[in-house]
Amino acid sequence: MTPSASRAAVPERSGRPAPPGRPPGRRPPRMVSALARAMPFPAGAGLARVLVERNVMAYRRLWVLLLSGFVEPVFYLFSLGIGLGALVRTVTTDSGVEVPYPVFVAPALLAASAMNGAVFDSTFNVFFKLRYARLYDSVLATPLGPRDVAVGEVTWALMRGSLYSGAFLLVAAVAGFVRSWWALLALPGAVLIGFAFASVGMWATTYMRSWVDFDYVTLVIQPLFLFSATFYPLAQYPGSVRWLVEWTPLYHGVALERALMLGDVGPGLLVHVGYLLAMGLLGVWGASRRIERLLLS
Amino acid sequence: MIEASGLVKRFGDLVAVDGIDVSVQRGEAFGFLGPNGAGKSSTMRMVGAVSPPSAGVLRLFGMDPATHGPQIRARMGVVPQRDTLDEELTVSENIRIYGRYFGLSRAETRRRATELLQFAQLTERADAKVEPLSGGMKRRLTIARSLVNDPELLLLDEPTTGLDPQARHVLWDRLFRLKRRGVTLVLTTHYMDEAEQLCDRLVVMDGGRIVAEGSPRSLIECYSTREVLELRFAEEDLTGHARAVEGIGERTEVLPDRLLVYVADGDAASSEVHRRGVQPLSSLVRRSTLEDVFLHLTGRTLVD
Ligand SMILES: Nc1ncnc2c1ncn2[C@@H]1O[C@H](COP(=O)(O)OP(=O)(O)O)[C@@H](O)[C@H]1O
Ligand SMILES: [Mg+2]
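Residue numbers (the working numbering), protein chains in the order written: chain L, 1 to 297; chain P, 298 to 601.
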């Protein structure tokens, strides 16, 4: 799942700006514009990529900040994998395979860090740009529309996220915690997890009034991090709790990454993919609608 | 370029713009003059195709902003009331990335950035951060940025509010140049001198409505006298003095700190005031301005 796919999900090309300084080109056919209006998705000009370009420009001088996002999950991996791993030794996964503890926990940390990175980018950073820097006010005075803003910011979060995920996978592989070539797909998997959380995170951010509201984000993220079959198999939970966990998003992310990194692949994975994809698309839809409400009123 | 009729903007129960008719032609410099809260910014945001009208008809370059927002915005430049510069980027990057938002190539944005920085007299600051710039510089950068797509129509919402007189004059000079180049200017202001300086034609707005329309000169001719005699007194309460000078001018306005007597000949009126035995602390004769027009039309001053 990449951002371009999310853009393709909303086929609207009529919004292309006419070349500046010249009279308007051919107007879009009436049917297309009627369709564009009828669509529940707020308008965009298909220019989300230039917002990504803007973020790259802003971060060129801040590349040290980029490093920090990579260090944390690696610390977790070694502290848990080696420390706890010495006590626990092996774990039997929910699909009945017995594996050493670091091998068990590494995919979960990958999924969790994809979530954390995406949420951080799409909440704190977006909140700042939305309420303080008023970046989107100036962006929306150009041909770009609210959907471009949502898609652009989510894409940027995913680009950063995949950088971290790729580095983490590499470290895990070198340390011998990866069992299968399927693990290569764990990188797109992490991007998918990022997509789901970044877009919903951005949506939630549009409702925030002050920095205090970010405590709610922690309130949601923390339990997800701890209880999504991250550190032990789902089988440890009593039935009703297990049922609940199976509905939460990070669980699907962890299950997907674990299956891929252990090479335990089957059609059942499509359920996880579908869940995360749906969540991501819903988030982009909600975020663009809210940006339209807030800034184009 | 702009055709609006019966344009309304509501925010909940509040009516910010209450049915205005406006038409702006190519090459014109058009102004909205009015005090804070008159509905100028709300109007500008509708014209900028970033705020849907609550009622009425709006056509920009002949297009409907509800369906052709991106195409319309591609041909306009916008200077919002509050600077929305990108403080994470440098001065030159601000212009370049803005060009990219309009779909220009990187090479083209670089070329225009050089040119526009020169126009805005910011070439030396090209690689500086935005944050430490002075208010006037930030404003000039915002204007430079708004020109990156070579707009046919430039919208300026209170372009010089909050700037010192010198910075304002520098800005006015830049806007004059744009006007000479044939860029259509639409600006809002609550400074009557700004309106007089820059606008060929303007509307006076109050409480969401247009109360008068015309060129600065015709408005003054229509709604005011040629000269104004300003009288200041030692006393707090001016009503007694107002009664004493009654009939000298066409009209007398009582402001908190002075009396304004509207007359054709100020010096003659001044002599008449003295003849009646009224002794002001100071008396001053000046020409009528748009401020007087506004006062006449609404009974209030523009800037308080
Ligand atoms: N987004 C908004 N939500 C609610 N009220 C608004 C909004 N924008 C402007 N207003 C109100 O509309 C009125 C006109 O405001 P504005 O258009 O900003 O006037 P001006 O620019 O002439 O000062 C004011 O009473 C203002 O409080
Ligand atoms: Mg205003």
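Beta carbons: idealized from backbone N, C-alpha and C, even for Gly.
Within 7 Å of the CB of M57 of chain L, the CB atoms of chain P belong to L386, E390 and I394, in sequence order along the chain. The nearest non-hydrogen atom of ligand 1 is less than 8 Å from the C-beta of G505 of chain P. Chain L has a Cβ within less than 9 Å of the Cβ of G400 of chain P. Residues are counted here when their Cβ sits less than 8 Å from a Cβ of chain P; for the region 141-171 of chain L these are A141, T142, P143, L144 and G145, given in chain order.
Under DSSP, M298 of chain P forms no beta bridge with any residue. Under DSSP, G511 of chain P takes part in a beta bridge, and its partners are P:L499.
Identification of chain L residues near A404 of chain P by a Cβ-Cβ cut-off of 7 Å yields none; the smallest Cβ-Cβ distance measures about 14 Å. For a Cβ distance threshold of 8 Å, residue set I394 and R397 of chain P lies close to E53 of chain L, ordered along the chain. By the CB criterion at 9 Å, L451 of chain P and R437 of chain P fall outside the cutoff. Per the C-alpha coordinates, the member of P:R506, P:L557, P:T586 and P:W469 positioned closest to P577 of chain P is P:L557. Below the 7 Å Cβ cutoff, chain P contributes D383 as neighbours of L135 of chain L, in chain order. V139 of chain L counts as buried, since at least 16 other C-beta atoms from the protein chains shown sit within 10 angstroms of its C-beta. Straight-line measurement puts the Cα of Q494 of chain P at about 14 Å from the Cα of L475 of chain P. Of all residues in the region 347-358 of chain P, those with a C-beta nearer than 9 Å to a C-beta of chain L are V347, S348, P349 and F358, reading in chain order.
Contact residues of the region 357-373 of chain P toward chain L are F358, M360, T364, G366, P367, Q368, R370, A371 and R372 (C-beta to C-beta distance below 7 Å). Note that the region 517-524 of chain P touches the region 570-588 of chain P; at least 3 beta-carbon pairs, one per stretch, sit closer than 8 Å.
Bounds of any alpha helix (DSSP H) do not take in S180 of chain L, whose DSSP letter is neither H nor E.
Secondary structure note for A106 of chain L: its alpha helix (DSSP H) is the uninterrupted segment Y101 to F120.
Contact check for V590 of chain P against V500 of chain P fails: the beta carbons are separated by 9 Å or more.
Not one heavy atom of ligand 1 is found less than 8 Å from the C-beta of S567 of chain P. Within the DSSP bridge table, the entry for L355 of chain P names P:A301 as partners. If you draw a straight line from the Cα of L170 of chain L to the Cα of F225 of chain L, it comes to about 22 Å. For chain L, none of the residues of the region 538-550 of chain P brings a beta carbon within less than 8 Å of one of its beta carbons. At least 9 Å separates the CB of V126 of chain L from every CB of chain P. Closer than 9 Å to the CB of N446 of chain P there is at least one CB belonging to chain L.
Taking 8 Å as the cut-off, the C-beta of E491 of chain P does not count as close to any heavy atom of ligand 2.
For K337 of chain P, the distance from the CB to the nearest heavy atom of ligand 2 is below 8 Å.
Around the beta-carbon of A198 of chain L, 16 or more other beta-carbon atoms lie within 10 Å, marking it buried. V312 of chain P places its beta carbon less than 9 Å from that of V305 of chain P. Just so you know, the alpha carbons of S165 of chain L and F214 of chain L end up roughly 24 Å apart. Close to P377 of chain P, with beta-carbon spacing below 8 Å, are these residues of chain L in chain order: D137, S138 and A141. F327 of chain P: member of the beta strand (DSSP E) spanning A326 to L330, first to last residue.
Between ligand 2 and the CB of D454 of chain P, the shortest heavy atom gap is smaller than 8 Å. Counting the other Cβ atoms within 10 Å of the Cβ of N333 of chain P gives fewer than 16, which makes it exposed. At least one heavy atom of ligand 1 lies less than 8 Å from the C-beta of S297 of chain L.
Nearest to V151 of chain L by C-alpha distance, out of L:V178, L:L51, L:G253 and L:L262, is L:L51.
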